[in-house]
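A.B. asks: Sequential numbering from 62 applies to the sequence shown in this note's numbering. Ideal Cβ placement from N, Cα and C applies to all residues, glycine included.
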Amino acid sequence: MWCPPHPPAAAAAVLAVLSVLLRLDMLFAQQPKAKQSGWNSQSDRPGGPKKNQPHIVFILIDDQGFNDIGYHNPTIKTPTLDKLAAEGVTLENYYVQPICTPSRSQLITGRYQIHTGLQHSIIRPSQPSCLPSHMDTLPERLREAGYATHLVGKWHLGFYRKACLPTRKGFDSFYGSLTGSVNHYSYKSCDGPGACGYDLHDGEGVAWGQEGKYSTTLFTQRARKILESHNPAERPLFLMLSLQAVHTPLQTPKSYIYPYRDMANIARRKLAAMVSTVDEAVHNVTYALRKYGYYRNSVIIYSTDNGAQPFTGGSNWPLRGRKGTYWEGGIRGVAFVHSPLLKRRRRVSKALLHITDWFPTLVGLAGGNISQSRGLDGFDVWPAISEGKDSPRHEILHNIDPLHRPVFQPAAWDKVKKGTKPKKPSSNKPKKKKVVRRQPKRKSAFKIKTSKKSKARPKSKRKSMPGYRLKQNLPVDTQRQSQRRRLSSRPPSETTTFGPKAWKPRLQLKLKHKWAKAQNFSQSRLPQPKPKLHFRSKRMVFQNQSELPPPSTSRPGTHPVWDTSVQAAIRVGDWKLLTGYPGHGDWVPPQVLPTLPGRWWNLERDVLSYGKNSTHKSVWLFNITADPCERRDLAEHRDDVVRQLLARLAHYNSTAVPVYFPPDDPRANPSRHGGAWVPWVDEDEEEQEGKYQGVYKKGRGRKKQKEEGRCRLCKLQSFFLKLNTGMMSNRI
62 MWCPPHPPAA AAAVLAVLSV LLRLDMLFAQ QPKAKQSGWN SQSDRPGGPK
112 KNQPHIVFIL IDDQGFNDIG YHNPTIKTPT LDKLAAEGVT LENYYVQPIC
162 TPSRSQLITG RYQIHTGLQH SIIRPSQPSC LPSHMDTLPE RLREAGYATH
212 LVGKWHLGFY RKACLPTRKG FDSFYGSLTG SVNHYSYKSC DGPGACGYDL
262 HDGEGVAWGQ EGKYSTTLFT QRARKILESH NPAERPLFLM LSLQAVHTPL
312 QTPKSYIYPY RDMANIARRK LAAMVSTVDE AVHNVTYALR KYGYYRNSVI
362 IYSTDNGAQP FTGGSNWPLR GRKGTYWEGG IRGVAFVHSP LLKRRRRVSK
412 ALLHITDWFP TLVGLAGGNI SQSRGLDGFD VWPAISEGKD SPRHEILHNI
462 DPLHRPVFQP AAWDKVKKGT KPKKPSSNKP KKKKVVRRQP KRKSAFKIKT
512 SKKSKARPKS KRKSMPGYRL KQNLPVDTQR QSQRRRLSSR PPSETTTFGP
562 KAWKPRLQLK LKHKWAKAQN FSQSRLPQPK PKLHFRSKRM VFQNQSELPP
612 PSTSRPGTHP VWDTSVQAAI RVGDWKLLTG YPGHGDWVPP QVLPTLPGRW
662 WNLERDVLSY GKNSTHKSVW LFNITADPCE RRDLAEHRDD VVRQLLARLA
712 HYNSTAVPVY FPPDDPRANP SRHGGAWVPW VDEDEEEQEG KYQGVYKKGR
762 GRKKQKEEGR CRLCKLQSFF LKLNTGMMSN RI
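#1: Count the other C-beta atoms from every protein chain shown that fall within 10 angstroms of the C-beta of Thr373, then say buried if there are 16 or more, exposed otherwise.
#2: Which runs of the alpha helix (DSSP H), 4 residues or longer, sit entirely within the region 695 to 740?
#3: Taking Asn154 and Ala369 to be in contact with their CB atoms under 8 Å, please state how far apart those CB atoms are, rounded to whole angstroms.
#4: How far does the alpha helix (DSSP H) with Met335 in it extend, from its first residue to its last?
#5: DSSP three-state call for Gln167: helix, strand or coil?
#6: If I measure Cβ to Cβ from Arg405 and keep anything under 8 Å in the same chain, skipping five residues before and after, which residues do I get?
#7: Please name the residue in Trp681, Asp252 and Leu121 whose C-alpha comes closest to that of Asn730.
#8: Beta strand (DSSP E) containing Phe372: first to last residue?
#9: Closest by CA to Gly634, which one among Val702, Thr640 and Val680?
#10: For Ser190 versus Tyr721, is the C-beta distance shorter than 7 Å?
#11: Counting C-beta neighbours from all protein chains within 10 Å, is the total for Val468 16 or more, i.e. buried, or is it exposed?
#12: Could you tell me the boundaries of the beta strand (DSSP E) in which Val796 lies?
#13: So who's on the other strand from Val649, going by DSSP bridges?
#14: Give the C-beta separation of Ala708 and His459 to the nearest angstrom, bearing in mind that I take them to be a contact with Cβ-Cβ under 8 Å.
#15: Starting from Tyr236, trace the beta strand (DSSP E) in both directions and tell me its first and last residue.
#16: Please tell me whether Ala349 and Arg285 are closer than 7 Å, where the distance is taken between their beta carbons.
#17: For Gly237 and His211, which I take to be in contact (beta-carbon distance under 8 Å), what is that distance rounded to the nearest angstrom?
#18: Where does Ala284 fall in DSSP's three states?
#19: Determine the burial state of Pro115: buried for a count of at least 16 other Cβ atoms within 10 Å of its Cβ, exposed for fewer.
#20: Touching or not, the region 180 to 189 and the region 713 to 727, by the rule of three or more beta carbon pairs under 8 Å?
#21: Suppose the cutoff is 7 Å on Cβ atoms and the five residues either side in sequence are ignored; what does the same chain contact list for Gly273 look like?
#22: So, using beta-carbon positions, are Ile461 and Tyr156 closer together than 7 Å?
#23: Tell me the DSSP secondary structure of Gly109 in three-state form.
#24: Find the nearest neighbour of Glu201 within the set His308, Pro227, Pro740 and Tyr713, judged by alpha-carbon distance.
#25: Considering only residues of the same chain and omitting the five flanking positions on each side of Arg408, which have a CB-CB separation below 8 Å?
#26: How far does the beta strand (DSSP E) with Glu148 in it reach, from first residue to last?
#27: Grab the span of the beta strand (DSSP E) containing Ala630 for me, first residue to last.
#28: Can you find the residues in the same chain that come closer than 6 Å, C-beta to C-beta, to Pro689, ignoring five residues on each side of it along the sequence?
#29: Does DSSP put Asn460 in a helix, in a strand, or in coil?
#30: Our contact map puts Gly390 next to Leu203 with C-beta atoms below 8 Å; I'd like the distance itself, whole angstroms only.
#31: Would you mind reading off the limits of the alpha helix (DSSP H) that contains Leu203?
#32: Quick one: grab the DSSP three-state call for Ile446.
#33: Could you please give me the residues that DSSP links to Arg406 through a beta bridge?
#34: Going by beta-carbon coordinates alone, are Gly241 and Thr198 separated by less than 7 Å?
#35: Taking only the alpha-carbon atoms, compute the straight-line gap between Trp741 and His217 and give it to the nearest angstrom.
#36: Since Asn292 sits in a beta bridge, which residues does DSSP pair it with?
So this is what it looks like as structure tokens:
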């Protein structure tokens with residue numbers, strides 16, 4: 062039997078030393094690992110990414126309608142969007158706001174318009190307005206949860222001072238435009254014909270020298286650079302890609318137009334091509350997510366900000382209405398969620414969702430603290446999207462806009478009834494022009510210029526005309542009542558103009574009041590004024606609910622809880638209620654689109670009149686589940702539902718804040734800032750944000766802008782008058 066020899070003593074000592082060193086090396090090797098896991102680990106260190114924090118990519122499209130995507134309309138070629146929606150969850154009961162600023166404000170803040178003061182219209186480039194400074198935002202909450210936050214594209218939430226910029230509202234970086242609409246190649250943005258400037262920004266500075274590059278391509282390239290430079294394993298990412306497409310102006314590279322060469326309508330052809338550019342942009346972004354290691358732990362959300370504008374090539378068919386209206390075509394949005402983290406994929410969700418729900422939903426996904434955000438109107442709907450559970454949302458307040466009131470409503474007579482002396486606006490001139498136009502039939506132009514002795518000559522003509530002789534011998538009050546009835550009985554297209562710049566009926570009322578006072582008529586014999594909405598308090602509430610005026614419906618006095626002349630819309634369960642004037646309510650099939658009579662920016666000015674089929678009706682009720690196209694009005698048949706929904710409107714209205722809609726500031730003109738749209742109010746002017754408390758009244762703004770802005774406002778007023786006249790003559 063063979064046995065190994067004993068090693069010598071020196072060799073044994075060497076082996077012993079080596080074993081000791083090996084054990085020490087293993088011991089020291091384990092200590093740094095333990096230290097690294099305790100302090101330097103990305104998942105456990107303070108402020109670092111938490112476990113299972115997904116990367117969030119929110120793609121927001123501008124003015125894409127219900128019928129402007131491939132899975133709703135095969136003529137629109139969007140293979141990438143169709144595939145992402147088919148493999149994810151398509152949201153078919155999802156709602157946004159009818160115009161840009163309200164949708165974006167509700168997405169960023171998670172709160173309704175009535176709680177931010179942005180109930181009325183959009184934020185114009187020259188308006189000193191933006192998101193309230195005391196209100197937290199979605200990127201702020203995500204940044205607190207450890208996210209890197211980036212915004213690429215359109216902002217449109219105000220920029221009059223630096224505190225309103227995206228980089229001051231929670232975004233680490235910003236690259237895009239601040240105003241509502243820019244030229245897709247020159248990046249020129251106009252606030253009407255008098256104020257135009259360059260609008261492309263990088264951070265808080267102007268990004269000059271990018272003219273000639275298509276905006277969708279430029280924004281996509283910046284988004285890919287962010288994905289390439291960021292380390293997905295080090296920190297979670299929130300990227301908001303807010304493309305201006307498919308918003309006007311309708312511009313796109315020619316190569317994208319060729320597949321739609323068979324479309325007869327040119328505007329529709331260009332818009333479809335712009336949708337294809339969006340599809341390619343989404344393809345490039347999703348490819349970058351896979352390439353740089355984001356995709357497996359990412360959530361991709363695709364959403365439009367409002368419905369399409371049929372006047373500029375968009376289509377909401379078969380839904381009713383357009384952008385800027387509270388019909389389904391203006392507020393039912395195209396949206397889907399694509400993510401490997403979804404538990405139930407490849408399905409269509411009918412859960413009721415709203416754009417305010419993204420705030421608590423995304424903060425919840427990020428592991429943030431929602432309890433710090435008080436007053437949220439959104440719900441965490443991720444279980445409804447991912448698992449198919451019931452939505453926690455059962456109702457949506459679309460909006461309450463007290464400034465959007467028809468002039469023919471009883472509230473328009475308040476100034477005359479109170480006997481207050483009307484101001485002398487510059488709008489008295491159109492009345493003189495009308496007199497001059499009528500007189501040349503019998504007198505020469507020379508006599509017109511020199512015959513300014515009396516204003517009673519038109520009355521002498523009226524005496525000889527039939528229809529006036531019967532009223533000559535009537536008492537004064539009877540004459541005024543007949544005039545009042547005659548004015549209110551005219552078609553809405555002749556007497557009604559909506560928005561804050563309604564001029565014609567108000568001018569007639571002021572002139573009548575002035576004429577009556579000159580004749581020493583007794584104001585005590587006029588009807589007593591009815592109570593109306595008050596906006597002087599911190600909250601916009603009715604002063605006395607029991608004394609509200611009856612609604613202006615065909616059944617006066619049946620709904621005393623709410624003044625139905627106020628524009629409002631609410632969805633509760635299957636029911637949707639509209640009051641006031643919801644907006645242009647036609648159904649516009651694709652390829653049957655009218656030609657736009659004027660500049661595209663006028664469509665966002667909220668000055669359009671009633672349509673050709675309009676009446677004085679101010680209450681509509683629809684069962685949206687059974688009638689999504691809103692073709693059967695049930696307001697006359699379901700009075701019980703109307704009463705309940707009006708009560709809900711009154712409840713929401715009791716929580717509203719005053720409307721913040723200040724006048725244009727002439728200091729904003731880009732000609733004063735090197736030709737670019739930039740913040741124009743210094744940071745030391747702290748009182749600027751609360752300068753216009755409550756509802757903006759035109760008289761205040763005109764006094765302050767008398768020297769610099771009065772002529773411009775007059776030109777805009779006449780411009781909108783011509784626009785309304787042309788649209789009504791074309792029966793749009």
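C.D. replies: Taking the definition as stated:
#1: buried
#2: 700 to 714
#3: Between Ala369 and Asn154 the Cβ distance is about 18 Å, and since that is not below 8 Å, they are no contact.
#4: Ile327 to Lys352
#5: helix
#6: Val150, Ser447, Glu448 and Gly449
#7: Asp252
#8: Note, Phe372: premise wrong, no beta strand (DSSP E); not H, not E.
#9: Val702
#10: yes
#11: Because Val468 carries a pLDDT of 46, less than 50, the predicted location of this residue cannot be relied on, and the following value inherits that uncertainty. It is buried - the Cβ of Val468 has at least 16 other Cβ atoms within 10 Å.
#12: There is simply no residue 796 to check, as the chain begins at 62 and stops at 793 in what is shown.
#13: In DSSP, Val649 forms no bridge with anything.
#14: Actually they are not in contact, since the Cβ atoms of Ala708 and His459 sit about 16 Å apart, beyond 8 Å.
#15: Ser234 to Ser238
#16: yes
#17: With a Cβ gap of about 10 Å, Gly237 and His211 do not count as contacting.
#18: Ala284: helix per DSSP, three-state reduction.
#19: buried
#20: yes
#21: Tyr246
#22: No. Outside cutoff.
#23: The pLDDT assigned to Gly109 is 45, lower than 50, so where the model puts this residue is not dependable, and the model offers no usable value.
#24: Pro227
#25: Val150, Thr151 and Gly449
#26: Glu148 -> not in any beta strand (DSSP E); alpha helix (DSSP H) instead, spanning Pro140 to Glu148.
#27: Run containing Ala630: Gln628 to Val633, per the beta strand (DSSP E) assignment.
#28: Counting only Cβ-Cβ distances below 6 Å, and skipping sequence neighbours, we find nothing.
#29: strand
#30: 32 Å between Cβ atoms; not a contact.
#31: Leu199 to Glu205
#32: DSSP, reduced to helix, strand and coil, places Ile446 within a helical segment of the structure shown.
#33: For Arg406, which the question treats as bridged, DSSP gives no partner whatsoever.
#34: no
#35: 16 Å
#36: DSSP lists no partner for Asn292.
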